[in-house]
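Worksheet: the structure to be examined is printed underneath.
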Amino acid sequence: MPVGALIRDRDVREAYAAHAGELYGFAARSLGDAGLAEEAVQETFLRAWRAGKRFDPEIGSLRTWLFAILRNVVIDLGRARAARPGVAEGEAEPTVEPIEETLLAWQVEEAMRRIGDQHRQILVETYYRGRPYAEVAEELGIPVGTVKSRVYYALRALRIALEEMGYED
Amino acid sequence: MKTDGCRERRESLGAYALGHLPADERAGLEAHLEGCPSCRAEAEQLAALAGPLSLADPARFEAAPVPPASLAARVAAAIARERLTRRRRRMRFGLALSGAVAAAAVAVALLVLPGGGSAGPEQHVTFASLPRGMKISAKLIPHAYGTEIHMYVQGVSSGTLCRVYLLRSNGSRLSAGSFRYRWGDDNLAILSSALDLSKTDAVEVRVGDRVFNQEVRQ
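Those sequence lines, one after another, are chains V and Y.
In this text, residue positions in the first sequence follow my numbering: the first is 798, and each later residue adds one.
In this text, residue positions in the second sequence follow my numbering: the first is 4, and each later residue adds one.
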């Protein structure tokens with residue numbers, strides 16, 4: 798039995814404690830429904846346990862492995878929901894974001910929660926709200942140059958947080 | 004080349020990456036980037052974030068959704084249920100496999116034991132944990148040149164691109180080519196890889212954007 802295999806109840810409990818929060822966050826983000834997200838997390842751990850002997854920490858981290866399983870589960874659940882009769886009748890067909898984009902969006906949102914409040918705030922004001930630097934500077938009572946450098950340090954922090962979550966260009 | 008001017012320039016790189024720099028400042032910075040590979044590398048790293056940033060929804064930055072506390076217990080219960088079902092199934096199988104049936108099974112086992120070809124026996128791989136309705140299996144045939152792979156895929160939509168890889172124990176992955184599943188075809192694709200079957204730990208199949216692995220029992 799390889800070290801790190803997901804076989805005993807204790808292995809599953811530990812994996813759940815370490816990763817369920819993130820897995821649930823991504824599932825909820827991409828399925829847009831709390832009940833389906835719970836189903837997705839449960840199915841992910843069940844599939845992981847079934848294939849537990851095959852998990853090899855030398856190939857990749859447990860987190861990466863669980864996310865790969867969840868990705869498949871989310872695709873299956875999304876597809877099952879799209880095929881359910883009655884949902885789309887008389888309504889516009891629900892748009893399904895490609896899963897890679899949703900994963901990236903979720904990673905950025907998660908990274909935003911991990912960087913400091915000041916960093917997140919400066920990116921929200923300048924980038925997402927599109928406000929002029931001078932206006933943001935006045936509101937925060939700091940020089941315009943500080944707004945500019947804060948945007949720089951915020952992007953760097955964001956990049957590091959993303960890389961910790963397995964992001965690659 | 005790193006100069007004293009770099010620090011100040013660098014602090015503009017964020018605004019530059021997001022397209023917020025006024026035209027005159029941008030021109031000055033771009034002139035600096037021309038001659039400064041280390042600033043340029045950082046500018047590229049930050050510019051790569053612009054795409055992902057545009058996908059995110061700022062309304063979701065505040066609080067991450069948290070799974071209900073009861074979910075941990077439900078996960079444990081689902082696993083316990085499945086473990087019990089498996090155990091029962093195994094017991095039933097054990098009882099059926101008695102007397103003459105067992106003897107026949109031993110005879111068959113002896114027939115398929117290695118000893119025939121010089122390159123060792125074929126391996127049959129059936130993928131477990133697939134979505135309902137999907138079936139994937141492979142026959143791996145050892146050759147002097149590497150491994151011949153017969154892939155059988157069922158239950159995916161017609162035209163789906165399937166890519167096949169062989170995985171080594173050190174984690175490296177060797178492509179064994181690709182094929183498209185066509186409904187109504189004989190659902191067999193014959194591929195090959197330079198990797199020796201004896202060094203193959205697992206087969207990976209990417210069906211569209213889904214990834215499935217199955218180990219090879221050596």
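We put the beta carbon where it would ideally sit given N, CA and C, even for glycine.
Fair warning: this is a prediction, and the values are worked out from it, not measured in the lab.
> When you compare each of Y/R92, Y/S161, Y/T129 to Y/E207 by their alpha carbons, which one comes out closest?
Replying inline: Answer by Cα proximity: Y/T129.
> Using the C-alpha atoms, what's the distance from Y/P124 back to V/G818?
Replying inline: Approximately 45 Å, taken between the alpha carbons.
> Within the 9 Å Cβ cut-off, does Y/Q217 reach chain V?
Replying inline: For Y/Q217, the answer is yes, since a Cβ of chain V falls inside 9 Å of its Cβ.
>> Let me confirm a value: Y/I82 is counted as buried when at least 16 other C-beta atoms fall within 10 Å, else exposed. Which label applies?
In response: With 16 or more other Cβ atoms within 10 Å, it is buried.
> Can you give the Cα-Cα distance for V/D966 and Y/A51, rounded to whole angstroms?
Replying inline: Going by C-alpha positions, V/D966 is about 7 Å away from Y/A51.
> Just checking, does the stretch 22-39 of chain Y make contact with the stretch 863-877 of chain V on the three C-beta pairs under 8 Å criterion?
Replying inline: Because the criterion of three Cβ pairs below 8 Å is not met, the stretch 22-39 of chain Y and the stretch 863-877 of chain V do not touch.
>> Can you confirm whether Y/P61, when its beta carbon is compared against all beta carbons of chain V, has any partner nearer than 9 Å?
In response: Chain V contact via Cβ: present.
> Can you check whether the CB of Y/A197 is closer than 9 Å to the CB of Y/L177?
Replying inline: Closer than 9 Å, so yes.
> Between V/M798 and chain Y, is there a C-beta pair that is closer than 9 Å?
Replying inline: Below a pLDDT of 50, predicted positions are generally treated as unreliable, and V/M798, at 48, falls in that range; no measurement from the model is reported.
> Taking Cβ to Cβ, would you say V/V944 is nearer than 9 Å to V/I912?
Replying inline: No, Cβ-Cβ distance for V/V944 and V/I912 is not below 9 Å.
> At a CB-CB cut-off below 8 Å, which residues of chain Y make contact with V/T861?
Replying inline: Taking a Cβ-Cβ threshold of 8 Å, none of the residues of chain Y is close to V/T861; the smallest such distance is about 11 Å.
> Which class does Y/P40 belong to by DSSP, given the choice of helix, strand or coil?
Replying inline: Here Y/P40 sits in helix by DSSP.
> Residues of chain V with a CB under 7 Å from the CB of Y/E85: which are they?
Replying inline: Here the neighbours are L843.
>> Using the Cβ count rule (16 or more neighbours within 10 Å means buried), how would you classify V/I804?
In response: Its Cβ having fewer than 16 others within 10 Å, V/I804 is exposed.
>> For a quick check, are the C-beta atoms of V/A837 and V/L874 less than 9 Å apart?
In response: A contact, by the Cβ cut-off of 9 Å.
> Which term fits Y/V156, buried or exposed, when burial requires 16 or more other beta carbons within 10 angstroms of its beta carbon?
Replying inline: Around the beta carbon of Y/V156, a 10 Å sphere encloses 16 or more other beta carbons of the protein chains shown; the residue is thus reported as buried.
> Among Y/M154, Y/P68, Y/P71, which one has its Cα closest to the Cα of Y/S140?
Replying inline: Closest option to Y/S140, Cα to Cα, is Y/M154.
> If you measure beta-carbon to beta-carbon, which residues of the stretch 38-64 of chain Y are closer than 7 Å to chain V?
Replying inline: Closer than 7 Å at the C-beta level to chain V, one finds these residues of the stretch 38-64 of chain Y: Q48, L49, A51, L52, P55, L56, L58, A59, D60, P61, R63, F64.
>> Taking a contact to mean a Cβ-Cβ separation below 9 Å, would you say Y/A18 touches V/Y930 in this structure?
In response: Contact: yes.
> Using 9 Å as the limit for Cβ to Cβ distance, is Y/P145 near chain V?
Replying inline: Contact with chain V is absent for Y/P145, since none of that chain's Cβ atoms lies less than 9 Å from the residue's Cβ.
> For Y/G158, which residues in chain V fall below 9 Å Cβ to Cβ?
Replying inline: Y/G158 does not reach chain V, its nearest Cβ partner there being about 12 Å away, counting only Cβ pairs nearer than 9 Å.
>> Quick check on V/M909: buried or exposed, where buried means 16 or more other Cβ atoms within 10 Å of its Cβ?
In response: Counting every other CB atom within 10 Å of its CB across the protein chains shown gives V/M909 a total of 16 or more, marking it as buried.
> If you draw a straight line from the alpha carbon of V/I856 to that of V/E936, how long is it in whole angstroms?
Replying inline: Going by the C-alpha atoms only, they are around 50 Å apart.
> Cβ of Y/I152 within 9 Å of Cβ of Y/L194?
Replying inline: Contact: yes.
> Terminal residues of the continuous alpha helix (DSSP H) containing V/H816?
Replying inline: From DSSP, the alpha helix (DSSP H) with V/H816 extends over 806-828.
> Between V/R953 and Y/E65, what straight-line distance do the alpha-carbon atoms span, to the nearest angstrom?
Replying inline: For V/R953 and Y/E65, the distance between alpha carbons rounds to 20 Å.
>> What does the Cβ neighbour count give for Y/N173, buried or exposed, with the cut at 16 atoms within 10 Å?
In response: So Y/N173 ends up on the exposed side.
> So V/Q904 packs on V/Y964, CB below 8 Å; how close in whole Å?
Replying inline: That belief holds up - the Cβ atoms of V/Q904 and V/Y964 are roughly 6 Å apart, short of 8 Å.
>> Checking the sheet assignment: what are the DSSP bridge partners for Y/Y168?
In response: DSSP output for Y/Y168 lists Y/S178, Y/E207 as bridge partner(s).
> Using a C-beta cutoff of 9 Å, does V/R953 count as contacting chain Y?
Replying inline: By this cut-off, V/R953 is an interface position.
> In whole angstroms, what is the alpha-carbon distance linking Y/L49 and Y/A80?
Replying inline: Taking the straight line from one Cα to the other gives about 45 Å.
> With distances taken from CA atoms, which of Y/G8, Y/H146, Y/A76, Y/G211 is nearest Y/R166?
Replying inline: For Y/R166, the nearest C-alpha among the options comes from Y/G211.
>> Under DSSP, the beta strand (DSSP E) around Y/Y155 begins and ends at which residues?
In response: For Y/Y155, the uninterrupted beta strand (DSSP E) run begins and ends at 149-157, by DSSP.
>> With H, G and I counted as helix, E and B as strand and the rest as coil, what does DSSP make of V/R926?
In response: Of the three classes helix, strand and coil, the one that applies to V/R926 here is coil, per DSSP.
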